[in-house]
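Notes follow once the structure below has been shown.
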Amino acid sequence: MGSEARPFFAPVPKASGWRLFLKTVVARAYPRVVGQQRERSWIFFDVFLSILAVSAYVFVYRAIGAPEEYVGFVVVGGAMTAFWLNVLWSMSSQLYWEKESGNLALYIMAPNSMMAILLGMALGGIIATALRAAAILLVGSLLFHVQYAVGNLPALVVVFLLTLAALYGLGMMSASLFLLWGREAWHLANLAQEPIYLLSGFYFPVKNLGFWVAVAASIIPLTLGLDAMRQLLFPSGAALGFLTVPVEVAVLAVLCVLFLVAARWLLGYMERMAIREGRLLESRR
Amino acid sequence: MSTPPIYQSTNLPKTRSAAWRSFRIATWLGWQIESNWTDPILFAIYSMLKPLASAAILVVMYGVITNGQFENPIFPYIYLGNAFYIYVGAVMTGVSWAVIDDREHYRTLKYIYVAPIRLPAYWLGRGVARFLTGSFAVFITLAAGVLFLHVPFHPARVDWPLFLLSLMLGVVMLALMGLVLASISLMIAHHFFLIGEAVAGALYLLSGAIFPLEVLPPWLRPLGFAMPITYWLELIRRSLLGDLARGFPTLSGFNNGQLLGILTGLSVLFGLLAAVTYRLCDLQAREKGLIDQTTNY
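Chain order of the listed sequences is G and R. If you read the first sequence in the working numbering, its first letter stands for residue 56, the second for the next number, and so on. If you read the second sequence in the working numbering, its first letter stands for residue 2, the second for the next number, and so on.
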């Protein structure tokens with residue numbers, strides 16, 4: 056044969072720079088988007104449990120004779136719990152889980168950016184969770200006959216995207232913190248559910264907590280995001296809103312930048328500290 | 002001179018049954034697992050914050066709509082139901098979670114199986130720690146309600162025998178429901194850990210814990226009447242609130258004796274169900290080699 060023999064081992068072209076960064080983001084997002092949809096029971100439980108909670112709060116409002124728009128507030132809040140739970144359990148706690156399962160050391164050893172891994176986790180989480188949130192919103196709205204009055208759709212989309220960007224930025228930032236806290240992470244994530252539902256006004260307008268409590272709670276992006284979305288979704292939303300929508304959008308934009316910068320700094324700190332103290336491979340059960 | 006045997010089989014006290022020994026040791030183990038991850042102060046804050054936040058969500062919702070009319074009888078109905086419902090999640094999930102925890106997290110279920118213990122008693126013991134932390138949460142929630150929200154609680158007017166009897170029956174009933182879930186957990190993978198939360202969530206909705214059953218759609222109400230927790234919460238409310246609790250029509254046709262009878266009957270039913278489920282699931286889990294499976298989710 057005249058042709059040259061094919062080498063047994065063909066070198067794979069290596070990506071670097073931004074190309075590697077993007078490939079890492081896609082690679083880490085892939086299991087989030089595809090893997091989570093494969094496990095049907097998770098989809099069922101995620102939607103079913105949220106609908107149960109939403110239904111319970113809707114029936115409480117009905118038992119005490121609340122106006123019908125409060126039912127809508129609960130349904131929207133219930134849908135957004137999916138994102139908060141995803142940030143808590145699949146962003147903040149994720150590096151800790153990765154350490155426990157032995158992946159974290161591989162991530163750090165591989166020639167990719169840890170920021171890209173966190174970003175991939177966030178993007179994958181947003182897409183996978185958006186499907187669940189949409190299902191909760193749809194089922195809740197149909198079950199309880201929620202009426203929406205969207206006057207400004209572009210503003211609603213901007214608020215929603217900014218809220219998610221800031222929220223997942225918070226998740227990326229807290230992933231490093233949770234890793235340093237070790238096995239307390241599980242308890243801390245568990246602790247950050249009901250208190251945040253309360254402070255962020257998942258089931259009632261946050262304005263009712265009082266000005267300063269609402270200001271303090273605004274560090275959680277869902278507080279202002281939910282408030283702005285309700286103002287844009289319901290006719291009485293503006294009257295029950297905490298701040299005006301433009302102010303809330305501006306604060307959310309600042310939170311986005313703040314959390315992403317903090318995430319990058321904390322990630323570097325965590326890596327240095329974990330390597331120095333040799334805690335990357337420890338597994339404390 | 003004879004040397005003492007390396008292994009003394011008489012180390013185990015013969016006067017105590019294997020079930021009691023299993024229960025006692027599991028109780029100690031459960032407490033260690035629950036509490037030793039942090040210092041006592043942080044643990045106390047952790048145990049208080051979650052239930053208080055859950056109660057506060059309902060309080061704010063109620064306050065917003067009624068402009069703070071906390072003297073209305075519906076408020077103590079909601080508040081007490083929510084407070085005592087803490088036991089449902091704590092006891093039921095506490096018992097059933099032990100299976101997943103031992104099998105997947107600590108990977109010790111196979112060793113527990115070969116140890117000279119009674120498994121159902123061991124699971125019940127593992128639930129005791131959650132019962133204790135749950136009791137603390139219930140107490141704190143009640144205290145906050147009485148001190149800050151005018152929940153009507155007058156120790157002299159409380160029907161203490163009815164309260165203690167109902168509480169005891171209820172906890173036993175919840176532990177038996179937890180045993181059913183624990184047995185089922187032997188057959189399922191780690192990622193189904195949400196089964197306990199799903200059952201607790203469904204019961205929260207169906208048992209009239211935070212609203213009278215009349216608010217539910219008519220087709221859902223029969224499910225509520227089939228749940229022992231419905232009768233248990235009614236008894237707790239009646240023992241603590243007296244006539245105030247009788248004002249709601251859901252179970253007004255039943256006197257306390259009838260409610261106790263229904264609760265006892267349903268608890269016995271769950272006891273039988275727990276025994277049957279354990280036998281079936283244990284057999285299947287051994288048959289299919291699931292005792293030491295690690296699904297690694």
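Heads up, the beta-carbon is just placed ideally off N, CA and C, and yes, glycines get one too.
- Message: Let me see if you follow: with CB-CB separation under 8 Å, is R/Met2 close to chain G or not?
- Response: At R/Met2 the pLDDT is 48, less than 50, meaning the model places this residue with poor confidence; the figure from the coordinates comes in the next sentence. Taking a beta-carbon distance threshold of 8 Å, R/Met2 does not count as an interface residue toward chain G.
- Message: What residue range does the alpha helix (DSSP H) around R/Asn257 cover?
- Response: Note, R/Asn257: alpha helix (DSSP H), Asn257 to Glu288.
- the region 259 to 271 of chain R in contact with the region 75 to 86 of chain R per 3-pair CB rule at 8 Å: Using a Cβ-Cβ distance cut-off of 8 Å, the region 259 to 271 of chain R and the region 75 to 86 of chain R are not in contact, since fewer than three pairs of beta carbons, one from each stretch, lie closer than that value.
- Message: Using beta carbons (cut-off 8 Å, strictly below), is G/Asn141 in contact with chain R?
- Response: With 8 Å as the cut-off, G/Asn141 does not count as an interface residue toward chain R.
- Item | Contact belief for G/Thr218 with G/Leu277 at Cβ below 8 Å, rounded distance in angstroms | About 6 Å separates the Cβ atoms of G/Thr218 and G/Leu277, confirming a contact at the 8 Å cut-off.
- Cβ atoms of G/Leu243 and G/Phe233: under 8 Å apart, would you say? Closer than 8 Å, so yes.
- Opening and closing residue of the alpha helix (DSSP H) in which G/Met164 lies: Under the DSSP assignment, G/Met164 falls in the alpha helix (DSSP H) whose first and last residues are Asn158 to Met164.
- Task: Spell out whether any CB of chain G is found under 8 Å from the CB atom of R/Ile292.
- Result: Look at R/Ile292: its C-beta is not under 8 Å from any C-beta on chain G.
- Query: In its own chain, which residues sit with a C-beta less than 7 Å from the C-beta of G/Val126, not counting the 5 before and 5 after it?
  - Reply: The answer, listed in chain order, is Val113, Tyr116, Phe199 and Val201.
- Query: What number of angstroms, rounded off, separates the C-alpha of G/Gln91 from the C-alpha of R/Met188?
  - Reply: About 22 Å.
- Could you tell me which of R/Ala203, R/Ile211, R/Gly290 and R/Ile237 sits nearest to R/Leu224, measuring between CA atoms? It is R/Ala203.
- Task: Ignore the nearest five residues each way along the sequence and tell me which others in G/Leu174's own chain have a CB closer than 6 Å to its CB.
- Result: By the criterion of a C-beta distance shorter than 6 Å, G/Leu174 is surrounded in its chain by Val80, once the five residues flanking it on both sides are discounted.
- Query: For R/Thr28, which option in R/Ala54, R/Thr231 and R/Pro121 has the closest C-alpha, if you only look at C-alpha atoms?
  - Reply: It is R/Pro121 whose Cα lies nearest to the Cα of R/Thr28.
- Using 10 angstroms around the beta-carbon of G/Tyr223, count the other beta-carbons present and answer buried if the total reaches 16, otherwise exposed. Under this definition G/Tyr223 is a buried residue.
- Give every residue of the same chain whose Cβ lies closer than 7 Å to the Cβ of R/Val89, excluding the five residues on either side of it in the sequence, and list them in chain order. If we look at R/Val89 and ignore the five residues flanking it on each side, its Cβ neighbours are Leu175, Ala201, Leu204 and Ile230.
- Quick one: is G/Ala188 buried, meaning 16 or more other Cβ sit within 10 Å of its Cβ, or exposed? It counts as buried.
- Task: Find out if the Cβ-Cβ distance for the pair G/Met170, G/Leu322 is shorter than 8 Å.
- Result: A contact, by the Cβ cut-off of 8 Å.
- Is DSSP giving G/Ile274 helix, strand or coil here? In the three-state reduction of the DSSP assignment, G/Ile274 falls in the coil class.
- Item | When G/Leu235, G/Ala271 and G/Leu313 are compared against G/Glu332, the one with the closest alpha-carbon | Cα-wise, what sits closest to G/Glu332 is G/Leu235.
- Task: Look at G/Val88 and G/Ala177 and say whether their C-beta atoms are less than 8 Å apart.
- Result: If you check the CB distance, G/Val88 and G/Ala177 do not come in under 8 Å.
- Message: Using C-beta distances below 8 Å, list every residue in its chain close to R/Leu168, excluding the 5 sequence neighbours before and after it, in chain order.
- Response: Cβ neighbours of R/Leu168 beyond the five flanking positions: Ile237.
- Message: Helix, strand or coil, according to DSSP, for R/Ala122 in the structure here?
- Response: In the structure shown, R/Ala122 falls within a helical segment according to DSSP collapsed to helix, strand and coil.
- Item | Expected contact under 8 Å - CB spacing of R/Val181 and R/Phe85 to nearest Å | The C-beta distance from R/Val181 to R/Phe85 rounds to 21 Å, too long to fall under 8 Å, and the pair is not in contact.
- Query: Does the beta-carbon distance from R/Glu35 to R/Arg131 come in below 8 Å?
  - Reply: The answer is yes: Cβ separation under 8 Å.
- Message: For a test of the three-state rule: what should DSSP assign to R/Pro162, helix, strand or coil?
- Response: Secondary structure of R/Pro162 (DSSP, three-state): helix.
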